[in-house]
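J.:
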Amino acid sequence: MTKFLAIAIFLKRYFNLFSMVKRTGPTTLALQNLIMELSVLGSKEQAPLWKRLAQDLSKSTRIRRSVNIDRIQRYTRENEIALVPGKVLSGGELTKKLTIAAYQFSAKAKEKINKTGKAITIKQLMLENPKGNKVRIIG
């Protein structure tokens with residue numbers, strides 16, 4: 005009986021090592037809901053953009069993208085929609101009239117974007133453009 009108990013204790017400790025791994029990925033309820041809505045919209049509209057965005061947002065915060073305004077300026081054209089699956093930071097200047105959708109904006113970045121273009125959330129972009137046409141992912 006003691007041999008069985010020793011084996012049981014060993015197995016419990018062995019398997020607990022694997023179950024104690026920290027979970028990465030979205031932990032906020034709002035982000036989890038957004039990811040679910042993106043997946044549903046991607047399937048409903050047959051739009052791979054939303055499925056890809058859901059996959060990108062499912063990654064941990066350390067892997068999620070942070071993009072400066074100057075990079076958005078460099079890789080977009082006038083009157084285009086840019087999508088950032090992460091956070092937009094305020095480095096650089098924006099001279100083009102753009103619509104920029106992102107999961108998060110720094111306060112200064114949102115201020116700079118709204119001077120010449122338009123800063124919106126991903127949820128707003130989903131409502132305005134459910135097919136996901138003419139959207140460029142940056143980052």
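The working numbering puts the sequence shown at residues 5 to 143.
Just so it is clear, CB atoms sit at the ideal spot from N, CA and C, and this is done for glycine as well.
1. Helix or strand or just coil, what does DSSP make of Val46?
2. Quick one: is Val139 buried, meaning 16 or more other Cβ sit within 10 Å of its Cβ, or exposed?
3. For Ile73, count neighbouring C-beta atoms within 10 Å of its own C-beta (all shown protein chains included) and say buried if the count is 16 or more, exposed if not.
4. Please name the residue in Thr103, Ala51, Leu45, Thr31 whose C-alpha comes closest to that of Ile142.
5. Here's the rule I'm using: 16 or more other beta-carbon atoms within 10 Å means buried, otherwise exposed. How should Lys112 be labelled?
6. Does DSSP put Asn37 in a helix, in a strand, or in coil?
7. Taking the alpha carbon of Leu87 as the reference point, which residue from Lys116, Ser47, Leu53, Ile67 has its own alpha carbon closest?
8. Between Leu57 and the rest of its own chain, which residues show a CB-CB distance below 6 Å, the 5 nearest in sequence each way excluded?
9. Check each candidate in Ala105, Asn118, Met40, Lys119 and name the one with the smallest Cα separation from Gly136.
10. Between the C-alpha atoms of Glu84 and Gln77, what's the straight-line distance to the nearest angstrom?
11. With a 10 Å radius around its C-beta and 16 neighbouring C-beta atoms as the bar for buried, classify Ile126 as buried or exposed.
12. Are the CB atoms of Leu33 and Met130 within a distance shorter than 8 Å?
13. Among Arg81, Val92, Ser62, which residue has its Cα nearest to the Cα of Met40?
T.: In this structure, then:
1. The residue you call residue 46 lines up with position 42 of the sequence shown. In the sequence as displayed, the identity of residue 46 is Gly instead of Val. The answer is helix: DSSP assigns Gly46 an H, G or I state.
2. The count along the sequence shown starts at 1 and reaches residue 139 at position 135. Buried, by the Cβ-count rule.
3. Locating residue 73 in the sequence shown gives position 69, counting from the first residue. Counting every other CB atom within 10 Å of its CB across the protein chains shown gives Ile73 a total of 16 or more, marking it as buried.
4. The count along the sequence shown starts at 1 and reaches residue 142 at position 138. It is Thr103.
5. Mapped onto the sequence shown, residue 112 falls at position 108. Exposed.
6. Indexing the sequence shown from 1 puts residue 37 at position 33. Asn37 sits in a helix when the DSSP states are folded into three classes.
7. On the sequence shown, residue 87 is found 83 positions in, with the first residue counted as 1. Closest in C-alpha terms to Leu87, from the list Lys116, Ser47, Leu53, Ile67, comes Leu53.
8. Stepping through the sequence shown from its first residue, residue 57 is reached at position 53. The residues are Leu42, Pro89.
9. In the sequence shown, residue 136 corresponds to position 132, counting from 1. For the set Ala105, Asn118, Met40, Lys119, the Cα lying nearest the Cα of Gly136 is the one of Ala105.
10. Taking the sequence shown and counting its residues from 1, one reaches residue 84 at position 80. Taking the sequence shown and counting its residues from 1, one reaches residue 77 at position 73. Looking at the backbone, the Cα of Glu84 and that of Gln77 are separated by about 11 Å.
11. Along the sequence shown, read from residue 1 onward, the residue named residue 126 stands at position 122. Label assigned to Ile126: buried.
12. Translated into the one-based positions of the sequence shown, residue 130 becomes position 126. Translated into the one-based positions of the sequence shown, residue 33 becomes position 29. Cβ distance not < 8 Å, so Met130 and Leu33 don't count as in contact.
13. Mapped onto the sequence shown, residue 40 falls at position 36. Residue Ser62 is the option with its Cα nearest to Met40.
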